[in-house]
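Undergrad: Please read through the structure below; I'll follow up with questions.
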Amino acid sequence: MTKKMFFAGYGGQGIMLTGQMVASAAILEGKETTFFPSYGPEMRGGTANCTVIVSDKPISSPLIFESDCVLAMNLPSMLKFEPTLKPGGVLLLNKSLIHQAAKRDDITKYEIAANEMASELGNTVVANMIMLGAFVRTTGIVKEESIIQVIHNVFDQKKAELADLNIKAFNLWRD
Amino acid sequence: MSNTKKVLMKGNEAFAEAAILGGCRYYFGYPITPQNEIPEYMSRVLPKRGGHFIQAESEISAINMAYGAGAAGGRVFITSSSPGIALMQEGMSFLCSAEVPCVILTVSRCGPGIGGIQPGQADYFQATRGGGNGDYKIPVFAPSTVQEGADLVYESMALADKYQNPILIFTDGLLGQMMEPVALPEPVVDIKSTDIREHKPWALTGYWDDDKKRNTVISLRLQPERLEEHIHKLFARYEQAEKELTRVETVGIEDADVVLVAFGTMARIVKEAIDMLAAQGIKAGLIRPISLWPFPYATFDKLTDKTKVVISAELSMGQMIQDVKLGVKDRFPVKLLNRTGGMIPTSLEITERTAAILKEIGG
Amino acid sequence: MAKFEVRVDGNVCKGCELCRIYCPKKILAMSTQINDRGYSPAEITRQEDCIGCKACAIMCPDGAISIYEEVAQ
Amino acid sequence: MLKPVFEYTKGMLRVDTNFCPGCTHGISHRLITETLDEMNMLGKTIGCGPIGCAVMAHRFMNVDMCECAHGRAPAVASGVKCVHPDNIVFTYQGDGDLASIGTAEIIHAAARGENITTFFVNNAIYGMTGGQMAPTTLVGQKSTTTQAGRDTHQSGFPIRVSELIATLDGAVYVERVALNTPANVNKAKKAVRKAFDVQQKKLGFSFVEFVSTCPTNWGLSPLAAMDFLKNEMLPYYPLGVFRSPEGGEE
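Below is the structure:
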């Protein structure tokens, strides 16, 4: 089984970290994975995106022309990547910043008010973790406990209180 | 197979770490996208591991610092990207002439000129033919995964010493920027500065006492007889490199209708396309040169008469295709399947274009 | 008064004449002979006038000059 | 019994040099290696040579030495010094090599405060390539590429390198000396010693400029070349200490 996905949003929304966490979780589960970010000037204040592939066999191309899942943190991301979804794919939208409906009706859509939910936790920065929680629970591509482990690895001793906040955010969204 | 011993690493950082594990203690860099993570990593990590990092004022200086540290017997790693490699080529010729080891890695982008920063392979000639002057060769390895890149950098630290010649690792923006699980090799035993002359009797260390011979590292040889003799010595070594360093991966070439030749990033996409072609009933094979020089010409002799066409798949206007033609020796038609300027074909595009080429030649 | 001996290696000398010019006692002159390299080397004309100032040796670009002092045993 | 008053240093190998009669390269070579010998450092020194007339310095100087591509010696020496921080490392460069094609390398080695020593031979002309204009060629001076004399409208102005280097905080010792009289040569030797002392104390970058001659390409006899040095070069390239660890100019 090979799953291909796009994570996209504004620079600063933690999109790259989200994608890396999925790839790291895949490694913990003994799976193959690739992570490829957009890079260069487009990263400076523009739209950032990364592609992540998780598979149980070696991955040849790290590039994607069709996807199983798209996680869009803002409108340009949805417009750019919705067309790449395979029929039956999963589209996760940050409803807080996307006030336009997705066009496709052959996919599964989840609208999540990630920024508002993050505000309730007292820190809008963790909107990406709320979306990540939704991603994991809707697609099952990696396990929840793998992500929790990765969060602990990313936010180690010195940043331990950040780990708690991120885990709280990760656990927030339930379908 | 369990991947749990592996860590997720960005290509550029994995290459830097592999160099350190391979014994690199001297790194000289200059900022250029898409390789900036390497000087950043080295500036942060190398001093803590007993090494030295200098941010050079240009790529020209970086390779000359490499020449100095290499001539002094240190293990040196330097990196850049296409236009920066162009500036380094004066130094590459000089290092070959003076027999100074060094591992150079390019995270290739797109030219000509300042071009673009997306992945490209239009520096194939730059890497394999070289822009420096004179009779010299540089072994070139082109990894297609982060793991393979890390392994090749690690191994090349020792190979450069063995051949007393620079080794070039040819990667591109995709490999440098992407992250993959990597199992890192064991660190080699560090050689102290004071012990260098025991390992490298030719190195500049100061002769300390009269027991040791004075050493010079030179490039100028004004007498044609001596220069010719020296070049023959270098080329005897290059002949040995052709025997020992030719590396290639093949996939299903024995009974393929069509054989694609691709390296690095392009080879990964071609591999996916081969699976897609199989689903259409087309048997496609892959020759992936891992060493671009020495090029695996002999591998083409293994192709059978079942093959109808050989396709050179490149992220350039067609450079490797010259070597492919030398390998094919007119046995099969050779076609180019390419994108350039930073455009990367999808596996779907490669599948469709391969099928179209087969149809065109009546396969 | 000290006695000095100036020696010029006639085959190393390139005949540039700097020693001759800078000698305060003008005890050096250029030979009429030509050395192996085709130069007219410097030679000592009045050894006894040398004051051991080393000016000739200091200015010699080619290391052709050495100077010794006679001392009692 | 004869007691040596002056013998040629064992820091110089007894081989024929490629220098023309009266060329002061021979003097600056000797000053460097004689000083190293006196410091008992010949075996603990690594030299980085230039392209130009002194390209074969490694054949004459009795130290470990390498050739460097045109102008790159300060970068090469920076690399060497990383590996052998306790050795003396020096570059020996002419004006075309250092002040034209290698400007970036020398400025940045000095700015980084590399703990190396650079000896700069300023004879206001390209020697080995046949007398072309150098970055230090004087205004009005004839060369094979300024045949009517250097015209500032066409060729700009000569560079005073010591003054330039002295503006950099990484350079701790900068002195210009001349090789035109026994007294000046003796001063030059003191400067060489001081530069090496600065390096041994790990104080930073040290730089000695030798105002030198090129009789052949100036078209002058060795003696007339000495006069040209004194009368034409020294007014434009004044001697002195431009920076020292003790602070201030002398």
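Protein chains in written order, with numbering that gives the first Met the number 0: chain G, 0 to 174; chain P, 0 to 362; chain X, 0 to 72; chain S, 0 to 249. Where a beta carbon is used, it is the ideal one built from N, C-alpha and C, also for glycine.
Report back the beta-carbon spacing between PRO184 of chain P and ALA17 of chain P to the nearest angstrom; my notes put them in contact at under 8 Å.
TA: 7 Å between Cβ atoms; contact.
Undergrad: Which residue's Cα is closest to the Cα of THR16 of chain S: S:THR151, S:GLY70, S:ARG149, S:MET55?
TA: The shortest C-alpha separation from THR16 of chain S is found at S:MET55.
Undergrad: Within 10 angstroms of its Cβ, does GLY28 of chain P collect 16 or more other Cβ (buried), or is it exposed?
TA: Under this definition GLY28 of chain P is a buried residue.
Undergrad: Given this structure, state the Cα-to-Cα distance separating LEU347 of chain P from ALA272 of chain P, to the nearest angstrom.
TA: Near 7 Å, if we compare the C-alpha coordinates of ALA272 of chain P and LEU347 of chain P.
Undergrad: In whole angstroms, give me the CA-to-CA distance for ILE252 of chain P and ALA103 of chain S.
TA: Roughly 52 Å between the two C-alpha positions.
Undergrad: Over the uninterrupted alpha helix (DSSP H) stretch that includes PHE124 of chain P, give me the two end residues.
TA: Residues 123–127.
Undergrad: Taking three-plus beta-carbon pairs below 8 Å as touching, is the stretch 61–71 of chain P in contact with the stretch 60–78 of chain S?
TA: Yes, since at least three Cβ pairs between the stretch 61–71 of chain P and the stretch 60–78 of chain S fall closer than 8 Å, the two stretches touch.
Undergrad: Among P:THR306, P:SER218, P:PRO38, P:GLU351, which residue has its Cα nearest to the Cα of VAL258 of chain P?
TA: Residue P:THR306 is the option with its Cα nearest to VAL258 of chain P.
Undergrad: On the three-state DSSP scale, how would you describe SER154 of chain S?
TA: SER154 of chain S: helix per DSSP, three-state reduction.
Undergrad: Compare the C-alpha of LEU325 of chain P against each of P:THR298, P:GLY341, P:ASP194, P:THR350 and name the closest.
TA: Ranking P:THR298, P:GLY341, P:ASP194, P:THR350 by Cα distance to LEU325 of chain P puts P:THR298 first.
Undergrad: Using only CA atoms, which one of X:GLY62, X:GLU69, X:GLN72 lies nearest to GLY10 of chain S?
TA: For the residues X:GLY62, X:GLU69, X:GLN72, the minimum Cα distance to GLY10 of chain S belongs to X:GLY62.
Undergrad: Please name the residue, chosen from G:GLY132, G:MET4, G:ASN165, that lies closest to ILE63 of chain G on a Cα-to-Cα basis.
TA: Minimum Cα distance to ILE63 of chain G is reached at G:MET4.
Undergrad: Tell me, please, whether the stretch 281–294 of chain P touches the stretch 224–231 of chain P by the rule of three or more beta-carbon pairs shorter than 8 Å.
TA: These segments do not touch.
Undergrad: Would you identify the three-state DSSP class for TYR236 of chain S, choosing helix, strand or coil?
TA: In this structure, TYR236 of chain S counts as coil in the three-state DSSP scheme.
Undergrad: How is MET127 of chain S classed by DSSP in three states: helix, strand or coil?
TA: If DSSP states are grouped into helix, strand and coil, MET127 of chain S belongs with coil.
Undergrad: Measuring alpha carbon to alpha carbon, tell me which of P:THR339, P:GLN318, P:GLY341 ends up nearest VAL333 of chain P.
TA: The option with the nearest alpha carbon to VAL333 of chain P is P:GLN318.
Undergrad: Please decide whether PHE154 of chain G counts as near chain P, where near means a Cβ-Cβ distance under 7 Å.
TA: It does not; no Cβ of chain P falls within 7 Å.
Undergrad: Quick one: grab the DSSP three-state call for GLN34 of chain P.
TA: Looking at GLN34 of chain P - three-state DSSP - the assignment turns out to be coil, as it is neither helix nor strand.
Undergrad: Taking a contact to mean a Cβ-Cβ separation below 7 Å, would you say VAL93 of chain S touches PRO221 of chain S in this structure?
TA: According to the sequence shown, residue 93 of chain S is Gly rather than Val. Contact: no.
Undergrad: Using only CA atoms, which one of G:PRO57, G:ALA47, G:VAL124, G:SER76 lies nearest to HIS98 of chain G?
TA: Per the Cα distances, G:SER76.
Undergrad: Apart from the five residues just before and just after ASN2 of chain P, which ones in its own chain have a Cβ nearer than 7 Å to its Cβ?
TA: Reliability of the predicted coordinates at ASN2 of chain P is poor, the pLDDT of 42 falling under 50, and the value obtained from them is presented with this limitation in mind. Around ASN2 of chain P: PRO180.
Undergrad: Using a Cβ-Cβ cut-off of 6 Å (strictly less than) and excluding sequence neighbours within five positions of GLN120 of chain P, which residues of its own chain qualify?
TA: Cβ neighbours of GLN120 of chain P beyond the five flanking positions: GLU313, LEU314, SER315.
Undergrad: For ASN50 of chain P, which residues from the same chain have a beta carbon less than 6 Å from its beta carbon, with the 5 sequence-adjacent residues on both sides left out?
TA: According to the sequence shown, residue 50 of chain P is Gly rather than Asn. For GLY50 of chain P, where only same-chain residues beyond five positions count, the Cβ hits under 6 Å are ARG24.
Undergrad: When you compare only the Cα positions, how much space is there between GLU249 of chain S and PHE241 of chain S?
TA: In this prediction, GLU249 of chain S has a pLDDT of 47, which is less than 50 and means its spatial position is unreliable; nothing more can be read from the coordinates.
Undergrad: Just to confirm the assignment, what range does the beta strand (DSSP E) spanning ASP8 of chain X have?
TA: Looking at the DSSP string, ASP8 of chain X is not in any beta strand (DSSP E), and its letter there is neither H nor E.
Undergrad: Kindly say whether MET64 of chain P, judged by its beta-carbon, lies nearer than 7 Å to any beta-carbon of chain S.
TA: So yes, MET64 of chain P belongs to the interface.
Undergrad: In its own chain, which residues sit with a C-beta less than 6 Å from the C-beta of LEU158 of chain P, not counting the 5 before and 5 after it?
TA: These residues qualify, in order along the chain: ILE166.
Undergrad: Would you decide whether PRO244 of chain S is buried or exposed? Buried here means 16 or more other CB atoms lie within 10 Å of its CB.
TA: Answer is exposed; the Cβ neighbour count stays below 16.
Undergrad: Let me check understanding here. Comparing Cα to Cα, which of S:ALA147, S:ASP63, S:LEU97, S:HIS57 lies closest to PRO73 of chain S?
TA: The shortest Cα separation from PRO73 of chain S among S:ALA147, S:ASP63, S:LEU97, S:HIS57 belongs to S:LEU97.
Undergrad: Would you mind working out which of G:CYS49, G:LYS30, G:THR33, G:LYS102 sits nearest THR17 of chain G, comparing C-alpha positions?
TA: Comparing Cα-Cα distances from THR17 of chain G to each of G:CYS49, G:LYS30, G:THR33, G:LYS102, the minimum goes to G:CYS49.
Undergrad: Look at the alpha carbon of GLY148 of chain P and the alpha carbon of ARG352 of chain P, and state the distance between them as a whole number of angstroms.
TA: Distance between the alpha carbons of GLY148 of chain P and ARG352 of chain P is about 29 Å.
Undergrad: In the DSSP assignment, find the alpha helix (DSSP H) that holds VAL99 of chain P and state where it starts and stops.
TA: Taken as a continuous stretch (DSSP letters only), VAL99 of chain P belongs to no alpha helix (DSSP H), as it is neither H nor E.
Undergrad: Relative to the C-alpha of SER254 of chain P, which residue among P:LEU233, P:LEU302, P:TRP292, P:PRO293 is closest?
TA: Sequence check: residue 254 of chain P is Asp here, not Ser. Of the listed residues, the one whose Cα sits closest to ASP254 of chain P is P:LEU302.
Undergrad: Measure from the C-beta of ALA213 of chain S to each C-beta in chain X and report whether the shortest distance is under 7 Å.
TA: This sequence places Cys at residue 213 of chain S; Ala is not what is there. Cβ-Cβ to chain X under 7 Å: no for CYS213 of chain S.
Undergrad: Within 6 Å: the Cβ of ALA165 of chain S and any heavy atom of the ligand FAD?
TA: Of the ligands one can find in the structure shown there are none, so the ligand FAD has no counterpart to examine.
Undergrad: In chain P, which residues lie less than 8 Å from ILE45 of chain S when you measure between Cβ atoms?
TA: Per Cβ cutoff of 8 Å: ALA71, LEU203, THR204, GLY205.
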